[in-house]
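For the sequence shown, the positions run 1 to 517 when this note's numbering is used.
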Amino acid sequence: MKRPIFSLLCLLSLLPLFAHAELKVPSIIGDHMVLQQKQENPIWGWDTPGTEVTVVLGDQEKTAKAGADGRWEVRLDPLDASFDPLTLKVSGSSTLEFSEVLVGEVWMCSGQSNMGMTVSGDWKAQVESLASNHPHLRLITVPRVGTQELQNDFSGNWEPANSENCKRFSAVGFFYGRYLHEILKVPVGLINNAWGGSAAEAWVRRESLEKDERFSRLMEGWVKREAQLQSDEEKEKYAKALANWEEKAKAAKAAGQPVPRPPRSPEQLLEGNSRPGNIFAGVVHPTLGYGMKGVIWYQGESNASRAHEYRALFPYMIEQWRAEWGQGDFPFYWVQLADFRSEVEQPGESAWAELREAQTMALSLPNTGETVIIDLGEANDIHPKNKYDVASRLVRWALAKDYGIPGIEPQSPLYREMKVEGGKAILTFDSVSGGLRTVDVNEVRGFAICGEDRQWKWAEAKITGKDTIEVWSADVAAPVSVRYAWAENPVCNVYTKDGLPLTPFRTDDYPMVTAPQ
Numbered sequence: 001m002k003r004p005i006f007s008l009l010c011l012l013s014l015l016p017l018f019a020h021a022e023l024k025v026p027s028i029i030g031d032h033m034v035l036q037q038k039q040e041n042p043i044w045g046w047d048t049p050g051t052e053v054t055v056v057l058g059d060q061e062k063t064a065k066a067g068a069d070g071r072w073e074v075r076l077d078p079l080d081a082s083f084d085p086l087t088l089k090v091s092g093s094s095t096l097e098f099s100e101v102l103v104g105e106v107w108m109c110s111g112q113s114n115m116g117m118t119v120s121g122d123w124k125a126q127v128e129s130l131a132s133n134h135p136h137l138r139l140i141t142v143p144r145v146g147t148q149e150l151q152n153d154f155s156g157n158w159e160p161a162n163s164e165n166c167k168r169f170s171a172v173g174f175f176y177g178r179y180l181h182e183i184l185k186v187p188v189g190l191i192n193n194a195w196g197g198s199a200a201e202a203w204v205r206r207e208s209l210e211k212d213e214r215f216s217r218l219m220e221g222w223v224k225r226e227a228q229l230q231s232d233e234e235k236e237k238y239a240k241a242l243a244n245w246e247e248k249a250k251a252a253k254a255a256g257q258p259v260p261r262p263p264r265s266p267e268q269l270l271e272g273n274s275r276p277g278n279i280f281a282g283v284v285h286p287t288l289g290y291g292m293k294g295v296i297w298y299q300g301e302s303n304a305s306r307a308h309e310y311r312a313l314f315p316y317m318i319e320q321w322r323a324e325w326g327q328g329d330f331p332f333y334w335v336q337l338a339d340f341r342s343e344v345e346q347p348g349e350s351a352w353a354e355l356r357e358a359q360t361m362a363l364s365l366p367n368t369g370e371t372v373i374i375d376l377g378e379a380n381d382i383h384p385k386n387k388y389d390v391a392s393r394l395v396r397w398a399l400a401k402d403y404g405i406p407g408i409e410p411q412s413p414l415y416r417e418m419k420v421e422g423g424k425a426i427l428t429f430d431s432v433s434g435g436l437r438t439v440d441v442n443e444v445r446g447f448a449i450c451g452e453d454r455q456w457k458w459a460e461a462k463i464t465g466k467d468t469i470e471v472w473s474a475d476v477a478a479p480v481s482v483r484y485a486w487a488e489n490p491v492c493n494v495y496t497k498d499g500l501p502l503t504p505f506r507t508d509d510y511p512m513v514t515a516p517q
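Here it is in structure tokens:
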């Protein structure tokens with residue numbers, strides 16, 4: 001009797017595998033998808049373990065066998081961009097067919113709310129949406145799922161762009177992709193996975209962060225917070241807050257007044273956009289490995305108070321994504337924080353300025369680029385509505401570096417060196433693209449200067465050459481350091497003759513206000 005029972009137990013243990021045994025591919029693979037041109041493209045899915053799966057696209061035929069976990073993968077040979085639609089056929093325990101598959105350029109649009117802000121929120125939404133019927137520009141959005149468990153799929157599908165669905169898509173991403181589509185004259189696929197308010201650490205695999213000593217302080221803090229959020233004390237606290245809110249909401253409704261926002265539950269915080277690894281597991285992982293050209297990124301506001309940490313965290317995130325994708329040092333271009341909040345009256349310290357500096361420092365990584373928009377923000381709105389000009393500057397990086405379009409300079413001027421002569425600081429800059437100029441008024445604005453006492457004073461300045469600016473102040477006889485646009489919302493006006501703003505900078509290395517205390 002023992003052998004039949006043992007055999008039955010073995011069969012029962014395999015039931016979960018057989019119950020899951022059906023041919024399936026993730027949502028990132030489907031009708032209207034765009035495959036990245038001129039490189040191998042992974043196609044993967046799941047089927048009954050041991051099943052041979054065949055993938056056919058045009059004259060290509062690839063086979064793979066589903067592993068013990070049911071997963072299989074093939075790699076399609078590189079193809080040239082084409083507007084001719086293809087059919088992707090996948091055969092295993094059953095057959096799947098996906099139509100209107102194109103080959104072109106694929107970009108991922110990531111970050112927080114300023115990347116997530118849709119075309120409908122842009123100042124030019126009405127006219128831009130009318131100009132957005134492009135059947136060969138394809139869009140897909142990954143839903144916001146925050147979890148510690150690695151997800152393999154999501155709910156979504158590719159759509160040809162039109163005047164309606166573009167309104168729901170990332171404005172920066174859409175305008176960026178439309179520029180590429182119209183200039184390169186190839187199909188373009190855009191993957192939007194932005195999540196408003198997200199912190200950079202949520203976009204990285206948690207295990208990777210835990211292994212790096214540079215982030216031990218961050219991770220130790222989260223371990224304590226997680227324990228607190230899952231405690232009985234916190235649950236009781238939330239239950240009381242919820243009951244209190246329900247009473248206020250009832251009273252507000254009866255009085256015809258706005259209902260206050262309900263309290264956030266511990267579960268919401270644990271599943272949110274700040275917990276380390278949450279977005280990587282729930283949003284990035286389901287698309288991991290899909291063939292793409294590169295990433296555009298707009299994030300940093302949520303990390304501004306920890307700009308010192310961001311110096312290591314942001315480049316680490318880029319490196320981790322590249323390692324996870326296994327596609328080499330793919331292009332990674334980001335938008336520097338815009339100007340925000342009230343204009344300052346006196347020069348001094350700024351967390352947002354330190355975050356911008358941390359972003360600029362990430363240019364030390366290969367195949368990266370930064371778009372400066374210190375002039376495109378709004379003092380009273382953290383979500384500036386001019387996303388069209390943001391995209392037009394951002395796309396210069398891809399056009400110049402990846403697609404060989406001549407005559408385009410994407411890099412905003414960068415501080416190179418300073419010397420002091422006759423009580424004046426003489427600054428030299430790189431990437432001046434034809435020379436420097438002022439905008440709006442003739443006087444150069446945005447510079448501050450200090451001596452050994454580190455007392456910052458507004459400075460006068462003058463453009464003295466193609467790549468040089470002199471800075472001085474009657475109140476600082478012996479200049480030691482200079483800063484430019486060093487504030488949340490600086491008044492500054494130096495550009496290249498191509499219209500790119502001078503990158504905010506400081507010549508000093510004084511202690512940061514965002515350094516851990």
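Heads up, the beta-carbon is just placed ideally off N, CA and C, and yes, glycines get one too.
Just so it is clear, the structure is predicted and the values come from calculations on it, not from any experiment.
Taking the C-beta atoms as reference points, V106 is found nearer than 8 Å to M292. Between S433 and the set A487, P501, D389 and C450, the nearest pair of CA atoms involves P501. R205 counts as buried, since at least 16 other C-beta atoms from the protein chains shown sit within 10 angstroms of its C-beta. In this structure, E201 sits near L218, with a CB-CB distance shorter than 8 Å. The beta carbon of Q411 sits closer than 6 Å to those of S431, all from its chain and outside the five residues before and after it, given in chain order.
DSSP links T428 through a beta bridge to E417 and T468. Q36 carries a strand assignment under DSSP once its states are collapsed to helix, strand and coil. By the Cβ neighbour-count rule, R214 is exposed, with fewer than 16 other Cβ atoms within 10 Å of its own.
In the structure shown, Q60 adopts extended strand secondary structure according to DSSP, grouped into three states. Its chain contains M418, S481 and V482 as the residues whose beta carbon lies nearer than 6 Å to that of T507, once the 5 sequence neighbours on both sides are disregarded; these appear in chain order. Out of V444, A227, A239 and V476, the CA that lies nearest to the CA of I463 is found in V444. Assignment of M292 by DSSP, reduced to helix, strand and coil, places it in the coil class. Beta-carbon to beta-carbon, G197 and S113 are separated by about 6 Å, close enough to satisfy the 8 Å threshold. Between the segment 350 to 360 and the segment 296 to 306 there are three or more C-beta pairs closer than 8 Å, enough to call the two in contact. With contacts defined as CB atoms closer than 8 Å, V439 and N489 fail to qualify as a contacting pair. Under the criterion of beta carbons closer than 8 Å, G423 and W472 qualify as touching, at roughly 6 Å. Assigned with DSSP and collapsed to three states, S433 falls in coil, not helix or strand.
If you compare the alpha carbons of E324, F175 and A487 with that of K387, the shortest gap goes to F175. Annotation for S82: the continuous beta strand (DSSP E) segment containing it runs S82 to S91. When only Cα atoms are considered, V127 and V172 end up about 16 Å apart.
If you compare the alpha carbons of P135, C166, G111 and E236 with that of P187, the shortest gap goes to P135.
A check of alpha carbon separations from V283 across E421, I469, A312 and C109 identifies C109 as the nearest. If you draw a straight line from the Cα of I405 to the Cα of L130, it comes to about 28 Å. A351 places its beta carbon 8 Å or farther from that of P384. Counting only unbroken stretches of 4 or more residues, the alpha helix (DSSP H) elements lying wholly within the segment 87 to 160 are 113 to 116 and 125 to 130, in sequence order.
Across the set Q299, V491, V145 and E460, the C-alpha of V491 shows the shortest separation from the C-alpha of S342. Annotation for A379: D339, F340, R341, S342, E343 and N489 place their beta carbon closer than 8 Å to its own, counting only its chain and skipping 5 residues before and after. Residue pairing by DSSP puts W44 in a beta bridge opposite E73. Remark: C-beta atoms of R71 and P42 do not approach each other more closely than 8 Å. Pairing L399 with I408 gives a Cβ-Cβ distance under 8 Å. Residue pairing by DSSP places V482 opposite I449 in a beta bridge. Of the residues assessed, N244 falls on the exposed side of the cut-off, its CB having fewer than 16 other CB atoms within 10 angstroms. With a cut-off of 8 Å on Cβ pairs, the segment 308 to 328 is not in contact with the segment 53 to 72, counting fewer than three such pairs.
Taken atom to atom, the span from the alpha-carbon of L288 to that of S155 is near 15 Å. Rounded to whole angstroms, the Cβ separation of L23 and G50 is 13 Å, and the two are not in contact under 8 Å. Taken in chain order, the unbroken stretches of beta strand (DSSP E) that lie wholly in the segment 182 to 240 and span 3 residues or more are 188 to 192.
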